[in-house]
Amino acid sequence: MSKLWGGRFTKETNKLVEEFTASIEFDKRLVLYDIIGSIAHVKMLSNQKILSTKEKDELVQALQEVFEEAKQGKLEFNISDEDIHMNIERRIIELAGDTGKKLHTGRSRNDQVALDMQMFFLDKSGELAKKIVELLETFINLSKQHIYTYMPGFTHMQRAQPTTFSHHIMNYFWKFKRDLERILEFNLRANNMPLGSGAFAGTSFPISQEITANELNFSKVFDNSMDAVSSRDNALELLSILTSVMLNLSRLSEELVLWSSKEFNYIKLDEAFTTGSSIMPQKQNPDVAELIRGKTGRVIGNYSALATTCKALPMAYNKDFQEDKECVFDTVDTLEVSISLMNEMLQTMTVNKDVMKNSIYSDFSNATDVADYLTTLGIPFRIAHDITGKLVRNCQERKKLLNQITKEELSQLVPDLNSDSLDNLFTVLDPIECVNSRSSKGGPSPNIMREQINCALKELNDF
Ligand code: ARG
Numbered sequence: 001m002s003k004l005w006g007g008r009f010t011k012e013t014n015k016l017v018e019e020f021t022a023s024i025e026f027d028k029r030l031v032l033y034d035i036i037g038s039i040a041h042v043k044m045l046s047n048q049k050i051l052s053t054k055e056k057d058e059l060v061q062a063l064q065e066v067f068e069e070a071k072q073g074k075l076e077f078n079i080s081d082e083d084i085h086m087n088i089e090r091r092i093i094e095l096a097g098d099t100g101k102k103l104h105t106g107r108s109r110n111d112q113v114a115l116d117m118q119m120f121f122l123d124k125s126g127e128l129a130k131k132i133v134e135l136l137e138t139f140i141n142l143s144k145q146h147i148y149t150y151m152p153g154f155t156h157m158q159r160a161q162p163t164t165f166s167h168h169i170m171n172y173f174w175k176f177k178r179d180l181e182r183i184l185e186f187n188l189r190a191n192n193m194p195l196g197s198g199a200f201a202g203t204s205f206p207i208s209q210e211i212t213a214n215e216l217n218f219s220k221v222f223d224n225s226m227d228a229v230s231s232r233d234n235a236l237e238l239l240s241i242l243t244s245v246m247l248n249l250s251r252l253s254e255e256l257v258l259w260s261s262k263e264f265n266y267i268k269l270d271e272a273f274t275t276g277s278s279i280m281p282q283k284q285n286p287d288v289a290e291l292i293r294g295k296t297g298r299v300i301g302n303y304s305a306l307a308t309t310c311k312a313l314p315m316a317y318n319k320d321f322q323e324d325k326e327c328v329f330d331t332v333d334t335l336e337v338s339i340s341l342m343n344e345m346l347q348t349m350t351v352n353k354d355v356m357k358n359s360i361y362s363d364f365s366n367a368t369d370v371a372d373y374l375t376t377l378g379i380p381f382r383i384a385h386d387i388t389g390k391l392v393r394n395c396q397e398r399k400k401l402l403n404q405i406t407k408e409e410l411s412q413l414v415p416d417l418n419s420d421s422l423d424n425l426f427t428v429l430d431p432i433e434c435v436n437s438r439s440s441k442g443g444p445s446p447n448i449m450r451e452q453i454n455c456a457l458k459e460l461n462d463f
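Going by full-length UniProt numbering, the first residue of the sequence shown is number 1, and it counts up by one from there.
Listed below in structure tokens is the structure:
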């Protein structure tokens with residue numbers, strides 16, 4: 001089959017070159033965007049009297065026919081036509097004859113592919129934003145149920161201070177909410193229509209980018225035709241935002257893996273979201289969480305691959321840009337399924353409240369509260385820290401917890417405490433009291449948690 005660009009060539013393309021340079025295997029998923037873009041282009045050309053009304057009608061009809069074929073999976077693609085743009089153009093020429101040969105008037109594949117990708121970005125960022133909103137709703141629902149579900153909080157993976165499951169889960173709400181804001185801002189910034197930039201130097205045809213933009217619901221048109229075809233910063237920005245989402249999913253996955261282990265036993269994942277072992281009959285593995293964590297590597301890799309590809313490219317278009325698609329498609333696909341699965345996994349898991357609560361009664365995570373209390377008696381915090389440290393050490397040597405020591409022992413270890421202070425110190429030692437008293441903004445005390453959840457609900461309603 002002769003190439004659509006074959007005029008100046010006397011030789012056939014080497015077969016391996018054909019395979020090496022073709023992108024149809026992966027850019028075929030842009031088919032509907034490409035056709036919609038072409039319909040807008042043709043309408044604009046006719047409006048500007050570059051095409052007659054009759055030619056426009058013939059082309060639009062052929063494009064609509066190909067659109068239906070594509071939707072029904074009947075459109076055939078051929079590697080010798082290299083990419084989605086030329087595969088569609090070939091089919092239009094088959095259907096509309098010589099008029100079909102006018103489709104590519106006043107444009108290049110460089111601005112065409114930029115347009116297709118912009119349309120893809122806008123669609124997918126909108127869909128992903130919706131999925132994140134659903135995940136945010138799940139965090140709020142979970143957290144509403146667990147305002148009184150006490151659990152240890154960790155730093156350095158060592159028990160640090162008691163908190164609640166509600167507090168822990170809402171921490172993820174805010175992380176993902178910032179990602180959602182990033183996506184929505186991206187969506188506004190990426191709303192830029194590149195068609196009409198030609199290969200890079202615009203065109204001498206009296207086109208109107210505004211008409212095309214209007215037809216395609218874009219709010220802006222690129223200001224510089226060279227910039228329009230030589231930029232991949234939209235792709236990189238989306239990949240970077242989605243990397244942030246994936247990093248957050250990965251950290252949450254890691255916690256689900258830990259929490260569902262026998263050692264923690266804080267949660268039980270629903271069976272439908274776990275898998276078994278081919279050798280160990282008892283196993284129930286958190287594969288989904290592990291794979292989300294695992295796939296984070298390739299999502300980071302996709303960003304890194306595209307950034308590296310773009311790093312030293314001269315203006316304007318370079319074939320290297322064709323490499324953007326697989327990075328973008330793979331990341332978008334990975335995120336879509338990962339967010340959905342995470343959401344369902346969270347909705348279906350069982351939270352072992354009692355196990356969580358029991359564990360805050362078996363450690364020294366109330367030590368900060370002892371030091372804080374001594375500070376309220378006028379002891380400088382650094383000295384209070386030292387006294388409490390010695391108290392912890394003494395208890396550990398005698399295999400006791402802070403709340404298991406007697407008043408007499410306490411008054412020996414912490415001198416100069418009057419009887420009221422001793423009583424108060426005992427109240428402070430209760431881990432639940434530790435949580436309830438943490439009522440600084442953003443803290444885990446139930447009242448403050450309720451405020452936080454209400455505030456989150458309000459913010460969510462604004463989206
Ligand atoms: N398949 C190409 C890509 O994805 C389309 C643009 C080709 N342009 C060119 N001058 N070869 O980038």
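We put the beta carbon where it would ideally sit given N, CA and C, even for glycine.
Whole-angstrom distance between residue j and residue i, CA atom to CA atom
| i | j | result |
| --- | --- | --- |
| Lys399 | Val392 | 10 angstroms |
| Gly6 | Leu256 | 57 angstroms |
| Asp354 | Ile292 | 28 angstroms |
| Phe222 | Ser197 | 8 angstroms |
| Leu346 | Ile84 | 39 angstroms |
| Glu76 | Lys28 | 10 angstroms |
| Asp57 | Asn14 | 38 angstroms |
| Thr334 | Lys43 | 36 angstroms |
| Gln64 | Glu94 | 14 angstroms |
| Lys458 | Met356 | 29 angstroms |
| Glu25 | Asn352 | 48 angstroms |
| Trp174 | Asn418 | 44 angstroms |
| Gln61 | Ile279 | 59 angstroms |
| Leu258 | Asn343 | 18 angstroms |
| Thr243 | Arg107 | 34 angstroms |
| Leu306 | Ile169 | 33 angstroms |
Three-state class that DSSP yields for residue i in the structure shown
| i | result |
| --- | --- |
| residue 481 | With the chain represented from 1 up to 463, any question about residue 481 goes unanswered, as that position is not in the structure. |
| Val414 | coil |
| Arg159 | strand |
| Lys3 | coil |
| Lys220 | strand |
| Thr275 | strand |
| Met193 | strand |
| Lys399 | coil |
| Thr203 | coil |
| Thr361 | Rather than Thr, the amino acid found at residue 361 in this sequence is Tyr. Coil, per DSSP. |
| Ser125 | helix |
| Phe463 | coil |
| Gly37 | helix |
| Met280 | coil |
| Glu12 | coil |
heavy atom of ligand 1 below 6 angstroms from residue i C-beta
| i | result |
| --- | --- |
| Val332 | no |
| Ser23 | yes |
| Arg109 | yes |
| Gln118 | no |
| Phe321 | yes |
| Asp83 | yes |
| Val113 | yes |
Per DSSP, the bridge partner or partners of residue i
| i | result |
| --- | --- |
| Ile267 | Val351 |
| Asn318 | In the DSSP output, where bridge partners are listed per residue, Asn318 has none listed. |
| Thr164 | Tyr150 |
| Asn285 | Thr275 |
Handout entry: Cβ contact check for the stretch 424-438 and the stretch 161-168: 3 or more pairs under 8 angstroms
Key = A contact exists between the stretch 424-438 and the stretch 161-168.
Exercise for the section: Would you check if there are 3 or more beta carbon pairs closer than 8 angstroms linking the stretch 295-312 to the stretch 101-116? Expected result: With a cut-off of 8 angstroms, the stretch 101-116 and the stretch 295-312 do not count as touching, because too few Cβ pairs lie within range.
Handout entry: the stretch 319-333 touching the stretch 266-275, judged by at least three CB pairs closer than 8 angstroms
Key = The stretch 319-333 vs the stretch 266-275: no contact.
Exercise for the section: Count the C-beta pairs between the stretch 106-115 and the stretch 225-241 that are closer than 8 angstroms, then say yes if the count reaches three, no if not. Expected result: Yes, they touch.
Practice task
Count the C-beta pairs between the stretch 209-220 and the stretch 276-295 that are closer than 8 angstroms, then say yes if the count reaches three, no if not.
Solution key: Flag = no, the stretch 209-220 and the stretch 276-295 do not touch.
Handout entry: the stretch 437-450 in contact with the stretch 133-148 per 3-pair CB rule at 8 angstroms
Key = Result yes; three or more Cβ-Cβ pairs closer than 8 angstroms.
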